[in-house]
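*Asks:*
Structure (C-alpha cells):
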C-alpha cells in the first residue's frame with residue numbers, strides 16, 4: 016500500500032471529529048469504507064493511530080503526532096496547487112508592451128521573436144504610445160514594459176535601462192550638393208531650411224541640437240516640424256529642407272535621402288532608446304522578457320557605421336602606413 020493524500024485527508028478529518036460517522040459524512044463516504052481505510056493505514060504504518068471503543072474514538076500518542084504531520088502535508092499540497100495555478104494564470108495573462116515608432120527599427124522585433132521562441136504560451140500585445148503615455152501606463156499598471164526615449168519624469172518605482180544610443184547625423188536630399196560629400200560639419204547646415212521634431216516632443220535633445228548649431232556659428236532656420244522620423248525623412252526627400260536625425264533611421268529605407276556623419280557633432284549628443292518597467296511585483300513572464308531584451312541589447316547598442324571612433328578605425332585600416 017502507498018499512503019496518498021486522500022488517506023492523510025481522511026485521517027485529518029477523523030482526528031478532528033473523533034467519530035467515524037461524522038467524519039464519513041464530512042468526507043462524503045460511507046462509514047465502513049472509512050473504517051477500512053484507517054485500518055489499512057495503521058497496518059501499513061505498523062502501529063495504531065486510534066483507541067476505539069463503542070462510545071468514542073481517541074488518538075494514540077503516535078496518532079497525535081501523525082495527525083499534526085498529516086495536516087502539514089495537506090497544507091503544503093494545497094499551497095503547491097495554489098502557487099501552480101497562480102503561475103499558470105500569470106503566464107496566460109500575457110504582456111502589454113508599449114513602444115515608440117522608432118523602436119520598430121531596432122531591438123524590439125528581435126526581442127519579441129526571441130521571447131516568443133522561449134515562451135510561446137505567453138501572449139504579447141504591442142501598444143504604440145509616446146514616451147509620456149508609456150510612463151503613465153507603467154505607473155498605472157496597464158503597460159508592463161515600454162520602449163521609450165529617456166529621460167522620463169514622475170515615474171517613482173520605474174526602472175529605466177538605456178539599450179541604444181544613436182549619434183545624430185545629417186539628412187539631406189540626394190539631389191543636394193551636400194549629398195556628394197562623405198562627411199559634414201555643423202556649419203555646412205547654416206542657412207539651409209531645416210526640418211526638426213517639435214521642441215515639446217523632446218525638449219532636452221531639441222535644445223542641445225540647436226545649442227550645438229549656435230556653437231558652430233549659426234541659428235538653425237527651422238521651416239517645418241514633424242513628430243515622426245518617417246515624416247521628417249519624407250519631407251527631406253521631397254527637397255523641403257535638411258535635418259538632423261538619429262543614425263538608426265537609415266533602417267527606414269526612405270528613398271531620396273542621404274545620411275551623412277557630422278564630424279563636430281558632440282559625441283554625447285545621442286538619440287537614446289531605453290526599456291522601462293516596474294520591478295516590484297513583476298511576474299515571471301515580464302522578468303524573462305526584460306532578461307531577453309538586456310541579453311540582446313549589446314548587439315543593438317549603437318550604430319557603428321556612424322560612430323566617430325569606428326569611422327576613424329576603418330580609415331586607419333584602409334590607408335597604407337607611410338614608409339620610414
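Residue numbers (the numbering used here): 16 to 339. All residues carry an ideal CB built from backbone N, CA and C; glycine is no exception. Bear in mind that the values here come from a model prediction, so they are computed numbers and not experimental data.
Restricting to Cα atoms, I'd like to know which of 181, 73, 193 and 246 is closest to residue 206.
*Replies:* For the residues 181, 73, 193 and 246, the minimum Cα distance to residue 206 belongs to 193.
*Asks:* Straight-line CA distance for residue 93 to residue 65?
*Replies:* Approximately 26 Å between the Cα atoms of the pair.
*Asks:* With a threshold of 16 other CB atoms inside 10 Å of the CB of residue 263, please say whether the residue is buried or exposed.
*Replies:* By the C-beta density criterion, residue 263 is buried, having at least 16 other C-beta atoms within 10 angstroms.
*Asks:* With a threshold of 16 other CB atoms inside 10 Å of the CB of residue 261, please say whether the residue is buried or exposed.
*Replies:* buried
*Asks:* Do the stretch 291-303 and the stretch 149-159 meet, that is, are 3 or more Cβ pairs less than 8 Å apart?
*Replies:* yes
*Asks:* Compute the distance between the beta-carbons of residue 70 and residue 27, then report whether it is under 8 Å.
*Replies:* no
*Asks:* Just to confirm before moving on: does the CB-CB distance between residue 171 and residue 201 stay below 8 Å?
*Replies:* No, they are not a contact pair.
*Asks:* Below 8 Å on the Cβ atoms is my contact criterion, and I expect residue 237 with residue 211 to pass it. Report the Cβ-Cβ distance as a whole number of Å.
*Replies:* Rounded, the Cβ-Cβ distance is 5 Å, consistent with contact.
*Asks:* Please say whether residue 248 and residue 269 have beta carbons closer to each other than 8 Å?
*Replies:* Taking 8 Å as the Cβ cut-off, residue 269 and residue 248 qualify as a contacting pair.
*Asks:* Return the first residue and the last residue of the alpha helix (DSSP H) that residue 60 is part of.
*Replies:* 46-60
*Asks:* Grouping DSSP H, G and I as helix and E and B as strand, with all else coil, what is residue 127?
*Replies:* If DSSP states are grouped into helix, strand and coil, residue 127 belongs with the helices.
*Asks:* Apart from the five residues on each side of it in sequence, which residues of its chain come closer than 7 Å, Cβ to Cβ, to residue 216?
*Replies:* 242
*Asks:* Does residue 258 pass the burial test, meaning 16 or more other C-beta atoms within 10 Å, or should it be called exposed?
*Replies:* buried
*Asks:* Can you tell me the Cα-Cα spacing of residue 95 and residue 88, whole angstroms?
*Replies:* 11 Å
*Asks:* Can you give me the C-alpha to C-alpha distance between residue 280 and residue 235, rounded to a whole angstrom?
*Replies:* 14 Å
*Asks:* Exposed or buried, what is residue 21 when buried is set at 16 or more other beta-carbons lying within 10 Å of its beta-carbon?
*Replies:* exposed
*Asks:* Taking 6 Å as the limit between beta carbons, can you name the residues of its chain near residue 213, skipping five residues before and five after?
*Replies:* The answer, listed in chain order, is 240.
*Asks:* Rounded to a whole number of angstroms, what is the C-alpha to C-alpha distance between residue 82 and residue 299?
*Replies:* 36 Å
*Asks:* Note the first and the last residue of the continuous alpha helix (DSSP H) segment covering residue 268.
*Replies:* Per DSSP, residue 268 is not a residue of any alpha helix (DSSP H), being assigned neither H nor E.
*Asks:* So for residue 287, helix, strand or coil by DSSP?
*Replies:* strand
*Asks:* Cβ atoms of residue 178 and residue 315: under 8 Å apart, would you say?
*Replies:* yes
*Asks:* Identify whether residue 188 lies in helix, strand or coil by the three-state DSSP scheme.
*Replies:* Looking at residue 188 - three-state DSSP - the assignment turns out to be strand.
*Asks:* Please report the residue range of the beta strand (DSSP E) in which residue 240 lies.
*Replies:* 236-240
*Asks:* Within the same chain, show all residues whose beta-carbon is closer than 6 Å to that of residue 254, passing over the 5 residues directly before and after it, in chain order.
*Replies:* 188
*Asks:* Identify, in the order they occur along the chain, each residue of the same chain with its Cβ nearer than 7 Å to the Cβ of residue 39, setting aside the five sequence neighbours on each side.
*Replies:* These residues qualify, in order along the chain: 45, 46 and 49.
*Asks:* If you follow the alpha helix (DSSP H) that residue 30 is part of, which residue opens it and which one closes it?
*Replies:* First-last of the alpha helix (DSSP H) with residue 30: 20-32.
*Asks:* Should the stretch 121-135 be called in touch with the stretch 52-64, which here means at least 3 C-beta pairs below 8 Å?
*Replies:* Counting C-beta pairs with one atom in each stretch, the stretch 121-135 and the stretch 52-64 have fewer than three that are closer than 8 Å, which means they do not touch.
*Asks:* Cα separation between residue 137 and residue 131?
*Replies:* Distance between the alpha carbons of residue 137 and residue 131 is about 7 Å.
*Asks:* What is the DSSP secondary structure of residue 251, reduced to helix, strand or coil?
*Replies:* helix
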